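Participant:
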Amino acid sequence: MAAEYNEYVLDTAVTYGVITPEQKQSVSSMLATMPGLSAVEVLYEQQIIDEPHRKWFYQEVLHQPVPGLHSHAGADAEPSLSHDPAQGHGATASNVDSEAGKQLLAFLAEAQAIGASDIHLGPDFAPTMRYRGALVPLRAGAPALTPRETEAMGRAFLTPKQAHEVEGHGSVEFCYEAAGISRFRTSVVRQRRGWELIFRLINSKVPTLDSLGMPEALRSLTKFHNGLILVTGPVGSGKSTTLAAMIDEINRTRHDHILTLEDPIEYVFEPQGCQVSQREVHTNTDSFGTALRAALREDPDVIMIGEMRDLETIQLAITASETGHLVLGTLHTGSAARTLDRLLDVFPIEQQSQIRTMVSESIRGIVCQQLIPKADGTGRVAALEIMLNNPAVGNLIRESKTFMLPGVIQTGVKQGMQLMDDVLLKLLDKGDITAEEAYNRADNKKAFAQELARRQ
97 MAAEYNEYVL DTAVTYGVIT PEQKQSVSSM LATMPGLSAV EVLYEQQIID
147 EPHRKWFYQE VLHQPVPGLH SHAGADAEPS LSHDPAQGHG ATASNVDSEA
197 GKQLLAFLAE AQAIGASDIH LGPDFAPTMR YRGALVPLRA GAPALTPRET
247 EAMGRAFLTP KQAHEVEGHG SVEFCYEAAG ISRFRTSVVR QRRGWELIFR
297 LINSKVPTLD SLGMPEALRS LTKFHNGLIL VTGPVGSGKS TTLAAMIDEI
347 NRTRHDHILT LEDPIEYVFE PQGCQVSQRE VHTNTDSFGT ALRAALREDP
397 DVIMIGEMRD LETIQLAITA SETGHLVLGT LHTGSAARTL DRLLDVFPIE
447 QQSQIRTMVS ESIRGIVCQQ LIPKADGTGR VAALEIMLNN PAVGNLIRES
497 KTFMLPGVIQ TGVKQGMQLM DDVLLKLLDK GDITAEEAYN RADNKKAFAQ
547 ELARRQ
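Numbering (the numbering used here), first residue to last: 97 to 552.
(1) Alpha carbon to alpha carbon, what distance is there between residue 393 and residue 174?
(2) Among 197, 252, 425 and 300, which one has its Cα closest to the Cα of residue 358?
(3) Name the residue from 398, 531, 454 and 314 whose alpha carbon lies nearest to the alpha carbon of residue 372.
(4) Look up residue 249 in the DSSP assignment and say whether it is helix, strand or coil.
(5) What is the DSSP secondary structure of residue 499, counted as helix, strand or coil?
(6) I'd like the list of long-range same chain contacts for residue 153, defined as Cβ closer than 7 Å, with 5 residues on each side in sequence excluded.
(7) What are the residues that DSSP puts in a beta bridge with residue 291?
(8) Between 495, 505 and 471, which has its C-alpha nearest residue 485's C-alpha?
(9) Could you have a look at residue 403 and say whether DSSP puts it in helix, strand or coil?
(10) For residue 407, which residues from the same chain have a beta carbon less than 6 Å from its beta carbon, with the 5 sequence-adjacent residues on both sides left out?
(11) Which partner residues does residue 145 have in the DSSP bridge list?
(12) Does any residue of chain D bring its CB to less than 9 Å from the CB of residue 443?
(13) Scan the stretch 396-472 and note each continuous beta strand (DSSP E) run of 3 residues or more that stays entirely inside, going in chain order.
(14) Determine the DSSP secondary structure at residue 372, reduced to helix, strand or coil.
(15) Using DSSP bridges, identify the partner residues of residue 346.
(16) DSSP on residue 362, reduced to helix/strand/coil?
(17) Exposed or buried, which one is residue 336 when buried takes at least 16 other CB atoms within 10 Å?
(18) List the DSSP bridge partners of residue 278.
(19) What residue from 418, 483, 417 and 479 has the CA that sits closest to residue 436's CA?
(20) Would you report the Cα separation of residue 547 and residue 517, rounded to the nearest angstrom?
(21) For residue 125, collect the residues of the same chain with a Cβ closer than 6 Å to its Cβ; drop the 5 residues on either side in sequence, then sort them by chain order.
(22) CB residue 99 to CB residue 139, shorter than 9 Å?
(23) Put residue 201 into one of helix, strand or coil per three-state DSSP.
(24) Is it the case that the stretch 202-222 contacts the stretch 288-298, given that we only count it when at least three CB pairs across the two stretches are under 8 Å?
(25) Could you check the C-alpha separation between residue 188 and residue 334 for me, to the nearest Å?
(26) Can you tell me where the alpha helix (DSSP H) holding residue 259 begins and where it ends?
(27) Taking residue 162 as the reference, which of 134, 143 and 142 has the closest Cα?
(28) Is the beta carbon of residue 362 less than 9 Å from the beta carbon of residue 340?
(29) Throw me the rounded Cβ distance for the residue 438 and residue 496 pair, which I believe falls under 8 Å.
(30) Consult DSSP for residue 493 and reduce its assignment to one of helix, strand or coil.
(31) Hey, could you find the ends of the beta strand (DSSP E) residue 528 is sitting in?
(32) Cutting at 6 Å between CB atoms, please list the residues of its own chain near residue 165, excluding the five before and the five after it.
(33) May I ask which residues mark the beginning and end of the beta strand (DSSP E) holding residue 225?
(34) Give the range of the beta strand (DSSP E) segment to which residue 328 is assigned.
(35) Rounded C-beta distance between residue 476 and residue 469? I'm assuming under 8 Å.
(36) Would you call residue 528 buried or exposed, if buried means 16 or more other Cβ atoms sit within 10 Å of its Cβ?
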């Protein structure tokens with residue numbers, strides 16, 4: 097039985113790229129002469145695997161308690177290429193030094209140097225990047241990757257536990273730091289033809305509101321000490337970047353405790369005026385709901401929620417905003433009116449009247465944004481709708497008349513509010529975007545088309 101366990105351990109280690117076939121053969125030869133030894137312990141004592149891998153083999157592969165405690169250097173660190181301070185996930189150096197690992201790092205370095213925002217590596221298509229909003233080949237004329245190549249690149253930088261997630265659940269998401277290149281928000285998914293790897297570059301420098309050219313209204317929102325602020329928009333619209341800039345503003349101008357709850361952690365905040373605690377869902381806590389319940393006992397002044405996905409998270413966020421905390425969060429919605437509808441519609445009908453009253457009092461502002469390709473093809477420009485709470489906004493929320501919000505936003509320009517369609521027209525007038533892009537991004541397309549026709 098021990099021999100069968102050892103063979104299973106070694107086969108699993110090779111499958112997940114933890115050891116090479118040559119290392120397996122060497123350890124197998126050693127075990128053949130000393131059959132009483134454990135393959136896991138031999139790998140560990142030979143320093144082929146570290147303590148996290150040792151624990152993983154016992155707990156996840158053999159489903160056994162971990163015997164004894166060991167204290168090799170670095171035993172309490174997750175296997176990592178460069179020890180990402182946000183998480184510690186990544187690949188062991190031996191795997192990244194494999195041919196597949198070197199090829200992966202070359203793709204990432206090349207995309208970063210070009211200025212791509214995303215990299216796609218998948219079976220049966222050539223390496224691709226998103227550059228200035230468009231998906232284009234990373235290398236002109238490059239051949240398509242094979243399923244074997246993409247899986248090998250994936251296994252080269254995943255921990256055994258992460259690879260197990262891909263095999264068992266079909267996907268895994270985390271932040272990955274490639275030393276000397278960049279940090280990446282990473283997704284590895286199993287699709288019909290094999291493994292696909294998607295990397296989104298994260299600027300190592302936390303952005304500021306000034307560097308992003310954000311309206312002054314966003315800075316005014318960071319001065320609140322309680323209430324709810326929402327940054328919304330489609331995937332890839334820069335929500336995380338805007339939210340990070342707002343947290344940076346608070347960090348530099350106040351002396352508070354900031355707690356971020358993210359999945360995964362993207363920007364790493366160094367304490368400036370504030371104490372900053374960052375927790376990652378599925379790594380440091382089970383869920384956003386679990387983390388939020390615990391957060392209320394951790395004495396935070398500011399809570400940033402990476403994504404408000406469900407009723408529990410939204411309910412706890414509203415409660416926190418009403419009990420003296422400033423809560424910032426994101427939703428995948430395209431306008432202030434739809435954001436409020438999405439926020440309120442998750443609640444049962446019998447609770448919605450009460451929740452509308454709570455939100456009308458706690459909401460401080462909603463920022464909806466899009467990133468639009470520039471007319472000259474040199475990049476993308478941000479278009480922001482900004483709603484700030486005032487008596488008129490509060491009344492419309494309480495009375496369930498959010499469809500009337502665009503009119504209130506238009507009359508609140510002096511307060512710092514701006515409607516998405518008005519911003520699009522201004523960008524069009526400046527020549528920043530094309531009429532086609534402006535129309536495609538407009539909220540009220542009928543009225544927008546009429547305005548475009550009137551201008552011709």
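Ideal Cβ positions, reconstructed from N, Cα and C, are used throughout, including at glycine.
The structure presented is a predicted model; accordingly, all values stated were derived computationally and were not measured.
Facilitator: Per the coordinate set shown:
(1) Because residue 174 carries a pLDDT of 35, less than 50, the predicted location of this residue cannot be relied on, and the following value inherits that uncertainty. Each residue's Cα considered, the two are about 28 Å apart.
(2) For the set 197, 252, 425 and 300, the Cα lying nearest the Cα of residue 358 is the one of 425.
(3) For residue 372, the nearest C-alpha among the options comes from 398.
(4) Residue 249 falls in the helix class under three-state DSSP.
(5) Three-state DSSP puts residue 499 in a helix.
(6) For residue 153, where only same-chain residues beyond five positions count, the Cβ hits under 7 Å are 105 and 136.
(7) DSSP output for residue 291 lists 286 as bridge partner(s).
(8) Distances from the CA of residue 485 to each of 495, 505 and 471 were compared; the closest alpha carbon is that of 505.
(9) DSSP places residue 403 outside both helix and strand once states are collapsed to three, so it counts as coil.
(10) Setting aside the 5 residues that flank it on each side, residue 407 is surrounded in the same chain by 442, each with a C-beta closer than 6 Å to its C-beta; the list follows chain order.
(11) Beta-bridge pairing links residue 145 to no other residue.
(12) This model lacks chain D altogether; it includes just one protein chain.
(13) Scanning the stretch 396-472 for uninterrupted beta strand (DSSP E) segments of 3 residues or longer gives 398-401, 422-427 and 459-469, listed from N- to C-terminal end.
(14) Residue 372: strand per DSSP, three-state reduction.
(15) Its beta-bridge partners do not exist; DSSP assigns none.
(16) In the structure shown, residue 362 sits in coil (DSSP, three-state: anything other than H, G, I, E or B).
(17) That one is buried.
(18) For residue 278, which the question treats as bridged, DSSP gives the partners 274.
(19) That would be 483, whose Cα lies nearest to the Cα of residue 436.
(20) Using only the alpha carbons, I get a separation of about 10 Å.
(21) Excluding sequence neighbours, residue 125 sits near nothing in its chain.
(22) The answer is no: Cβ separation not under 9 Å.
(23) Three-state DSSP puts residue 201 in a helix.
(24) Yes, since at least three Cβ pairs between the stretch 288-298 and the stretch 202-222 fall closer than 8 Å, the two stretches touch.
(25) Any answer about residue 188 is weak, because its pLDDT of 40 lies below 50 and its placement is not dependable; what the coordinates show is given next. Using only the alpha carbons, I get a separation of about 31 Å.
(26) Note, residue 259: alpha helix (DSSP H), 256-265.
(27) Taking only the C-alpha atoms, the option nearest residue 162 is 134.
(28) Less than 9 Å separates the beta-carbon of residue 362 from that of residue 340.
(29) In fact, because the Cβ distance is near 14 Å, the residues do not count as touching under 8 Å.
(30) Three-state result, residue 493: helix.
(31) Looking at the DSSP string, residue 528 is not in any beta strand (DSSP E), and its letter there is neither H nor E.
(32) Residue placement at residue 165 cannot be trusted, given a pLDDT of 42 that sits under 50; what the coordinates show is reported in the next sentence. For residue 165, where only same-chain residues beyond five positions count, there are no Cβ hits under 6 Å.
(33) 224-227 is the span of the beta strand (DSSP E), which, as asked, contains residue 225.
(34) For residue 328, the enclosing beta strand (DSSP E) begins and ends at 323-328.
(35) So it is a contact: roughly 6 Å between Cβ atoms.
(36) It is buried - the Cβ of residue 528 has at least 16 other Cβ atoms within 10 Å.
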